[in-house]
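**Q** Just so we're aligned: the sequence shown equals residues 0 to 77 in numbering that gives the first Met the number 0.
Idealized CB from N, CA, C, for every residue including glycine.
Source: prediction; values computed, not measured.
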Amino acid sequence: MQDRLDNPNLTPAATLCDHEVDGSLMSYGLAMANRYQNRAHENPNPFTGFEEQPDMDANELRQLLFGVMGKPENYKNG
0 MQDRLDNPNL TPAATLCDHE VDGSLMSYGL AMANRYQNRA HENPNPFTGF
50 EEQPDMDANE LRQLLFGVMG KPENYKNG
């Protein structure tokens, strides 16, 4: 983090500026969206191993996928 304070060109906002064309990030956003969509089509079933439990609710799935990391009470608000 200190390196970003020392060199603001390393911040996420600054890296986005490199993709700006005519004051817009539209072409970059579309390229990224196409990239993510293509990757999603290449792997339509990224979370395998849950076929035996098709009736899980969102909380059960979150627990199986992420364990303790997926529990909202482990995160502080604000």
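Would you report the Cα separation of Gly-66 and Thr-47, rounded to the nearest angstrom?
**A** The sequence position of residue 66 within the sequence shown is 67, counting from 1. The sequence position of residue 47 within the sequence shown is 48, counting from 1. Using only the alpha carbons, I get a separation of about 16 Å.
**Q** Between which residues of its own chain and Met-0 is the CB-CB distance below 7 Å, once the five residues before and five after are set aside?
**A** In the sequence shown, counting from the first residue as 1, residue 0 sits at position 1. Answer for Met-0: no residue qualifies.
**Q** Quick check: is the beta carbon of Phe-46 nearer than 7 Å to any beta carbon in chain B?
**A** Included in the structure is just one protein chain, with no chain B present.
**Q** What are the start and end residues of the alpha helix (DSSP H) that includes Glu-50?
**A** Residue numbering aside, residue 50 sits at position 51 when the sequence shown is read from its first letter. No alpha helix (DSSP H) holds Glu-50; DSSP gives it neither H nor E.
**Q** I'd like the span of the alpha helix (DSSP H) that includes Glu-41, first residue to last.
**A** For the purposes of this step, residue 41 is identified with residue 42 of the sequence shown, where counting begins at 1. It spans 25-41 - the alpha helix (DSSP H) in which Glu-41 sits, taken as one unbroken run.
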